[in-house]
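Engineer:
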Amino acid sequence: MWGGRFSAGPDAIMEAINASISYDQKMAKQDIEGSRAHAAMLAAQGIIDSSDASAIRKGLLTVLSEIEGGMFAFSTALEDIHMNVESRLTEIVGPAAGRLHTARSRNDQVATDFKLWVRGQMDAAIEGLTALMKVFIGQAEAGADMVMPGFTHLQVAQPVTWGHHMMAYVEMFARDRSRFEDARRRMNESPLGAAALAGTSFPIDRHMTAEALGFDRPSANSLDAVSDRDFALEFLTSCSICATHISRIAEELVIWSSAQFRFVTISDRFSTGSSIMPQKKNPDAAELLRSKVGRITGSLVALLTIMKGLPLAYSKDMQEDKEQVFDAADSLMLSLAALTGMVADMRPNEEPLRKAAASGFSTATDLADWLVRALNMPFRDAHHVTGALVKMAEDQGSDLHELSLEQMQSVEAQITDAVYEVLGVENSVASRVSYGGTAPAQVRAQIARWKEVLS
Ligand code: ARG
184 MWGGRFSAGP
194 DAIMEAINAS
204 ISYDQKMAKQ
214 DIEGSRAHAA
224 MLAAQGIIDS
234 SDASAIRKGL
244 LTVLSEIEGG
254 MFAFSTALED
264 IHMNVESRLT
274 EIVGPAAGRL
284 HTARSRNDQV
294 ATDFKLWVRG
304 QMDAAIEGLT
314 ALMKVFIGQA
324 EAGADMVMPG
334 FTHLQVAQPV
344 TWGHHMMAYV
354 EMFARDRSRF
364 EDARRRMNES
374 PLGAAALAGT
384 SFPIDRHMTA
394 EALGFDRPSA
404 NSLDAVSDRD
414 FALEFLTSCS
424 ICATHISRIA
434 EELVIWSSAQ
444 FRFVTISDRF
454 STGSSIMPQK
464 KNPDAAELLR
474 SKVGRITGSL
484 VALLTIMKGL
494 PLAYSKDMQE
504 DKEQVFDAAD
514 SLMLSLAALT
524 GMVADMRPNE
534 EPLRKAAASG
544 FSTATDLADW
554 LVRALNMPFR
564 DAHHVTGALV
574 KMAEDQGSDL
584 HELSLEQMQS
594 VEAQITDAVY
604 EVLGVENSVA
614 SRVSYGGTAP
624 AQVRAQIARW
634 KEVLS
């Protein structure tokens, strides 16, 4: 009864669940690059005629130009990018195209294509992070002496410098960059020639294709070569940690640009208005940067879950790797570009920063340290005395430096007026000269070191 209507149904749904061409067409260039290297190797090894190989290699370039020119008709019936390209190649060069798939399977083909694609994104991330580090260094240089409050628990803790705060992000993004570099080194082995899973009986030269595709060497185990998606997981891990870092500066920018803080002015180029409240300038870009970590880490968790428990070697589950990685890569590259633009454009507001730096008894630690140094007090006692002075200032609604010497001496008789020197925020930051500390001299040393690394 339903036969007429349903006979094509399952096939259409099978096609819908099975096909990856809607997204894996993103790897067209890598697929063609891999096939061209494979064809050249087959000819060099005498596995196919060199005339067939050159027809294939030339035909593949035609296919690539059709795809890049938007003139290629992708077919869902042909499932994925590999079969779409091969089918079109057959139309262009005829039966010779049928020789391309000798000593190869879609399993090693897709692993190769995907590795090439991910490797390109690792390079893009490294480049994007380098550009981002440079704009943070620019901010640090301009504000190496500018004081601002340092926070713990988002409560004012001790004065720091703007330059120091900016350079903290340089360290974070430098580690992110080295994670991509490290992952790139580890993943740069060629799966091509692993064939379906067991290798091949044809006398192929895997070193030749590996070299042609910029890999350091062929992967050593054919089963592993077609099963491995560690490189995608490491890419997503690196993206997730980087996106986590991005979310932290993004959150700071949201807070800092608020009317309550006014620590920074975000440029109009990276802000939006409100459709109803004319006075509003919203940090939408920063908020979106704060949120991207959600989908990027989501992709990591998705792929970890997809790979978990898969038996060797290839399973179709692994086709689900691509959308996660594509989406995460797009999100990360866009985030890096947006953050770079935003940080390059933003202006720290010196007065509110300074005022906030001096608030909240931020130099209480300096006072305690002075009691230790000048009066030879044990630090614990100094902490106690300082606490009493803070309470006294708080009760009378003043700051520490507004307490009179008599008031101070009522708590600790030996205090002299030399104490006032350490209560100023500039002196406070200038005194923190320990390696990696917030003193402008230390910050300038950090800046100089990174500029040299990046030059
Ligand atoms: N589209 C497939 C994927 O992305 C290509 C590999 C297909 N291999 C297979 N044995 N069905 O994983």
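Those letters in the sequence shown? Residues 184 to 638, by this note's numbering.
Even for Gly, the Cβ is constructed at its ideal location relative to N, Cα and C.
1) For the region 345-365 against the region 425-435, are there 3 or more C-beta pairs whose distance is under 8 Å?
2) Following a CB-centred definition, is R289 positioned closer than 7 Å to any heavy atom of ligand 1?
3) Span of the alpha helix (DSSP H) holding T313?
4) Exposed or buried, M305, counting other C-beta atoms within 10 Å across all chains shown (16 or more means buried)?
5) So, for P531: in the same chain, excluding its five sequence neighbours on each side, which residues have a beta-carbon less than 7 Å away from its beta-carbon?
6) For ligand 1, is there a heavy atom less than 7 Å away from the beta-carbon of Y497?
7) Could you please give the first and the last residue of the uninterrupted beta strand (DSSP E) stretch that includes G333?
8) Among Q629, G543, G570 and I239, which has the Cα closest to the Cα of L554?
9) Is G530 helix, strand or coil when you go by DSSP?
10) Could you give the distance in angstroms between the alpha-carbon of V568 and the alpha-carbon of E589?
11) If you follow the alpha helix (DSSP H) that T392 is in, where does it begin and where does it stop?
12) Excluding five sequence neighbours on each side, which residues of the same chain lie with their C-beta closer than 6 Å to the C-beta of V476?
13) How about V293: is its Cβ closer than 7 Å to a heavy atom in ligand 1?
14) Skipping 5 residues on each side, what residues in its chain have a beta carbon closer than 6 Å to that of A340?
15) Between A203 and ligand 1, is the CB less than 7 Å from at least one heavy atom?
16) Quick check: does the Cβ of D263 come within less than 7 Å of any heavy atom belonging to ligand 1?
17) Please classify R556: is it buried, with 16 or more other beta-carbons within 10 angstroms of its beta-carbon, or exposed?
18) Is there at least one non-hydrogen atom of ligand 1 closer than 7 Å to the beta-carbon of M210?
19) To the nearest angstrom, how far is the alpha carbon of G619 from that of S611?
20) Counting Cβ pairs, one atom from each stretch, are 3 or more of them under 8 Å apart for the region 229-246 and the region 268-286?
21) When you compare the CB positions of S373 and T295, do they come within less than 8 Å of one another, or not?
22) Is it a yes or a no for the region 540-547 touching the region 569-583, going by three-plus beta-carbon pairs under 8 Å?
Structural biologist: Considering the structure as presented:
1) Counting Cβ pairs under 8 Å, three or more are found: they touch.
2) If you number the sequence shown from 1, residue 289 lands on position 106. Yes - ligand 1 has a heavy atom lying nearer than 7 Å to the Cβ of R289.
3) If you number the sequence shown from 1, residue 313 lands on position 130. Note, T313: alpha helix (DSSP H), R289 to A325.
4) Along the sequence shown, one-based indexing puts residue 305 at 122. Label assigned to M305: buried.
5) As a working note, residue 531 is residue 348 in the sequence shown. Cβ neighbours of P531 beyond the five flanking positions: G326, M329, W345, F446 and V447.
6) Here the question's residue 497 lines up with position 314 in the sequence shown. Yes - ligand 1 has a heavy atom lying nearer than 7 Å to the Cβ of Y497.
7) The sequence position of residue 333 within the sequence shown is 150, counting from 1. Per DSSP, G333 belongs to the beta strand (DSSP E) from V330 to T335.
8) One-based indexing of the sequence shown puts residue 554 at position 371. Closest in C-alpha terms to L554, from the list Q629, G543, G570 and I239, comes G570.
9) The residue you call residue 530 lines up with position 347 of the sequence shown. In the sequence as presented, Gly is not what sits at residue 530; that position holds Arg. In this structure, R530 counts as strand in the three-state DSSP scheme.
10) The residue given as residue 568 occupies position 385 in the sequence shown. The residue given as residue 589 occupies position 406 in the sequence shown. Rounded to the nearest whole angstrom, the CA to CA distance from V568 to E589 is 14 Å.
11) By one-based count along the sequence shown, residue 392 stands at place 209. R389 to A395 is the span of the alpha helix (DSSP H), which, as asked, contains T392.
12) Taking the sequence shown and counting its residues from 1, the one referred to as residue 476 is at position 293. Close CB contacts of V476 within its chain, under the 6 Å cut and outside five residues either way in sequence, are with A426, T427 and S430 (chain order).
13) Walking along the sequence shown from the start, residue 293 turns up at place 110. Under cutoff, so the answer is yes.
14) If you number the sequence shown from 1, residue 340 lands on position 157. Sequence-distant Cβ neighbours of A340 in its own chain, meaning closer than 6 Å and more than five residues away, are G333 and F334.
15) As a position in the sequence shown, residue 203 is number 20, starting the count at 1. Checking the sequence shown, residue 203 turns out to be Ser, not Ala. Using a cutoff of 7 Å, the CB of S203 counts as near ligand 1, since one of the ligand's heavy atoms is closer than that.
16) One-based indexing of the sequence shown puts residue 263 at position 80. Because some heavy atom of ligand 1 lies under 7 Å away, the Cβ of D263 counts as near it: yes.
17) For the purposes of this step, residue 556 is taken as the residue at position 373 of the sequence shown. Label assigned to R556: exposed.
18) As a first step, residue 210 is located in the sequence shown; it is residue number 27 there, counting from the start. Not under cutoff, so the answer is no.
19) In the sequence shown, the residue the question calls residue 619 occupies position 436. In the sequence shown, the residue the question calls residue 611 occupies position 428. Approximately 15 Å, taken between the alpha carbons.
20) Contact between the region 229-246 and the region 268-286 is present, because at least three Cβ pairs lie under 8 Å.
21) In the sequence shown, counting from the first residue as 1, residue 373 sits at position 190. In the sequence shown, counting from the first residue as 1, residue 295 sits at position 112. Yes; because the gap between Cβ atoms is below 8 Å, this pair is in contact.
22) Under the three-pair Cβ rule at 8 Å, the region 540-547 counts as touching the region 569-583.
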